[in-house]
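One structure is given below, encoded as structure tokens.
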Amino acid sequence: MITFYPDFYEKFTCKAAACQHSCCKGWEIDIDAQTAARYQQLPDALGAEIRQNIVRCDGLWQFRLNQDGCCPFLQADGLCRLIRKAGESILCDICANHPRFFVTAGAFELAGVGLSCEKSCELLLADLSTLTFHGEDSDRSIDLSTLLLQMGMELPAEELVYMAGMTPEDAKFVLDCMKKTAPIDDAWTKQLEELSAITDKLMPPTERELALLTRIYQYLVYRALEHLETYGMAAILSYGQLNADFISLLYQLTGQLDESVRRWSEQIEYSVENVRCLMELV
Ligand code: SF4
651 MITFYPDFYE KFTCKAAACQ HSCCKGWEID IDAQTAARYQ QLPDALGAEI RQNIVRCDGL
711 WQFRLNQDGC CPFLQADGLC RLIRKAGESI LCDICANHPR FFVTAGAFEL AGVGLSCEKS
771 CELLLADLST LTFHGEDSDR SIDLSTLLLQ MGMELPAEEL VYMAGMTPED AKFVLDCMKK
831 TAPIDDAWTK QLEELSAITD KLMPPTEREL ALLTRIYQYL VYRALEHLET YGMAAILSYG
891 QLNADFISLL YQLTGQLDES VRRWSEQIEY SVENVRCLME LV
């Protein structure tokens with residue numbers, strides 16, 4: 651099975667202390683069964699400390715988050731105390747891999763980095779050129795159209811470009827769809843209300859913004875290819891457009907494109923139910 655990667659994948663490094671939205675805060679951290687069993691056997695003081703800070707919840711072991719919702723091993727400097735004390739090999743699968751993803755689409759594996767991570771958003775938006783990918787062990791960069799061709803799908807070039815020109819009615823449809831997803835927090839619901847107030851004040855994207863929105867759209871399409879068999883390509887393209895439209899709306903409200911992408915990801919990309927909800931609406 652060939653694995654594809656976006657070309658920026660290898661540039662990923664965690665921002666650690668410089669990250670404003672650490673993934674060690676605000677998320678439940680499930681521990682895979684193999685690592686949980688290893689933690690039960692760790693003999694020294696660190697092993698005892700780990701066991702005091704994990705809990706079993708619905709049959710799964712998790713780190714016991716503190717009152718601020720932080721992993722108990724997150725240090726004030728943003729670094730992980732488990733890595734500091736015992737190296738990366740002590741991590742469970744989620745901590746070792748996040749924000750990397752590996753999904754299957756037909757006979758291919760698609761890899762990437764999830765956009766709830768600040769660094770992933772920065773890498774996606776770091777340049778205006780066409781988004782490119784490469785197969786494992788290959789230095790040859792290919793665009794999304796060529797990647798899809800290799801997967802057996804030939805699409806007209808215009809279907810792989812973000813469609814600007816959102817009307818107030820389009821924007822209302824996008825927001826109506828988002829309102830049907832389960833909100834990640836109260837701030838999300840409040841922001842949807844604020845967005846409803848700007849649907850008739852939309853500005854067309856500049857050339858630069860359009861290039862970035864196309865990179866976002868293409869990455870969302872790539873990310874959604876794991877659902878190809880269930881929903882088909884037409885739904886995946888519509889899903890990409892709907893979510894890129896939403897990110898564009900949020901950007902018009904906040905003026906921050908990378909943060910708009912990251913916030914969208916927290917709400918949609920990292921919720922299996924919300925992805926399914928939108929896939930069924932488009
Ligand atoms: S969100 Fe990304 S950059 Fe921030 S701590 Fe997590 S992996 Fe590192």
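Its first residue numbered 651, the sequence shown is counted upward by one per residue in this note's numbering.
Built from N, CA and C at the ideal position, the CB exists for glycine as well.
**Request:** Put Trp677 into one of helix, strand or coil per three-state DSSP.
**Result:** Position 27 of the sequence shown, counted from the start, is the residue given in the question as residue 677. It is coil, neither helix nor strand.
**Message:** Taking contact to mean 3 or more Cβ pairs, one atom from each stretch, closer than 8 Å, check whether the region 870-881 and the region 713-729 are in contact.
**Reply:** Counting Cβ pairs under 8 Å, fewer than three are found: no touch.
**Request:** Just the C-alpha distance for Ala686 and Glu699, rounded to the nearest angstrom, thanks.
**Result:** The sequence position of residue 686 within the sequence shown is 36, counting from 1. The sequence position of residue 699 within the sequence shown is 49, counting from 1. Each residue's alpha carbon lies about 13 Å from the other.
**Asked** If you run the structure through DSSP and keep just helix, strand and coil, what is Asp835?
**Response** Sequence index remark: in the sequence shown, residue 835 carries index 185 (1-based). Correct three-state label for Asp835: coil.
**Message:** Under DSSP, the beta strand (DSSP E) around Pro656 begins and ends at which residues?
**Reply:** As a first step, residue 656 must be located in the sequence shown, where it is residue number 6. Per DSSP, Pro656 belongs to the beta strand (DSSP E) from 652-656.
**Asked** Are the CB atoms of Leu845 and Leu899 nearer to each other than 7 Å?
**Response** As a position in the sequence shown, residue 845 is number 195, starting the count at 1. As a position in the sequence shown, residue 899 is number 249, starting the count at 1. Inclusion of Leu845 and Leu899 in the CB contact set at 7 Å is warranted, their separation being smaller than that value.
**Message:** Are the CB atoms of Asp682 and Asp777 within a distance shorter than 7 Å?
**Reply:** Taking the sequence shown and counting its residues from 1, one reaches residue 777 at position 127. Taking the sequence shown and counting its residues from 1, one reaches residue 682 at position 32. In this structure, Asp682 does not lie closer than 7 Å to Asp777 by Cβ.
**Message:** For Val911, which residues in the same chain have their Cβ closer than 8 Å to its Cβ, ignoring the five residues on either side in sequence?
**Reply:** Numbered from its first residue, the sequence shown carries residue 911 at position 261. So the qualifying residues of the chain are Leu765, Cys771, Leu774, Leu775, Ile866, Ile897.
**Item:** Pairwise C-alpha distance: Leu798 and Pro818
**Value:** In the sequence shown, the residue the question calls residue 818 occupies position 168. In the sequence shown, the residue the question calls residue 798 occupies position 148. Roughly 32 Å between the two C-alpha positions.
**Item:** Buried or exposed by the 16-neighbour rule on C-beta atoms within 10 Å, applied to Gly890
**Value:** By one-based count along the sequence shown, residue 890 stands at place 240. It is buried - the Cβ of Gly890 has at least 16 other Cβ atoms within 10 Å.
**Asked** Of the choices Pro693, Phe723, Ala666, whose alpha-carbon is the least far from that of Ile704?
**Response** As a first step, residue 704 must be located in the sequence shown, where it is residue number 54. Nearest in C-alpha terms to Ile704, of all of Pro693, Phe723, Ala666, is Phe723.
**Request:** Have a look at Asp787, Ser788, Asp793 and flag the residue whose alpha-carbon is nearest the alpha-carbon of Thr780.
**Result:** For this step, residue 780 is matched to residue 130 along the sequence shown. Cα-wise, what sits closest to Thr780 is Asp793.
**Message:** Would you say the beta carbon of Cys721 is closer than 6 Å to some non-hydrogen atom of the ligand SF4?
**Reply:** For the purposes of this step, residue 721 is identified with residue 71 of the sequence shown, where counting begins at 1. Relative to the non-hydrogen atoms of the ligand SF4, the Cβ of Cys721 never comes closer than 6 Å to any of them.
**Item:** Option nearest Glu768 by Cα separation, candidates Val922, Glu916, Arg926, Asn924
**Value:** Stepping through the sequence shown from its first residue, residue 768 is reached at position 118. Among Val922, Glu916, Arg926, Asn924, the Cα nearest to that of Glu768 belongs to Glu916.
**Message:** Quick check: is any heavy atom of the ligand SF4 less than 6 Å from the C-beta of Cys742?
**Reply:** As a first step, residue 742 is located in the sequence shown; it is residue number 92 there, counting from the start. Not so, every heavy atom of the ligand SF4 lies at least 6 Å from the Cβ.
**Asked** Considering only C-alpha positions, which residue in the set Glu876, Lys840, Tyr901, Leu887 is nearest to Pro854?
**Response** Your numbering for residue 854 matches position 204 in the sequence shown. Checked all of Glu876, Lys840, Tyr901, Leu887; the closest Cα to Pro854 is Tyr901.
**Message:** Nearer than 6 Å: is that true of the beta carbon of Glu843 relative to any heavy atom of the ligand SF4?
**Reply:** Translated into the one-based positions of the sequence shown, residue 843 becomes position 193. Not under cutoff, so the answer is no.
**Request:** Kindly indicate the opening and closing residues of the beta strand (DSSP E) around Glu919.
**Result:** By one-based count along the sequence shown, residue 919 stands at place 269. Glu919 -> no beta strand (DSSP E), and no H or E assigned at all.
**Ile918 burial status per 10 Å Cβ neighbour count (16 or more: buried)** = The residue you call residue 918 lines up with position 268 of the sequence shown. Under this definition Ile918 is a buried residue.
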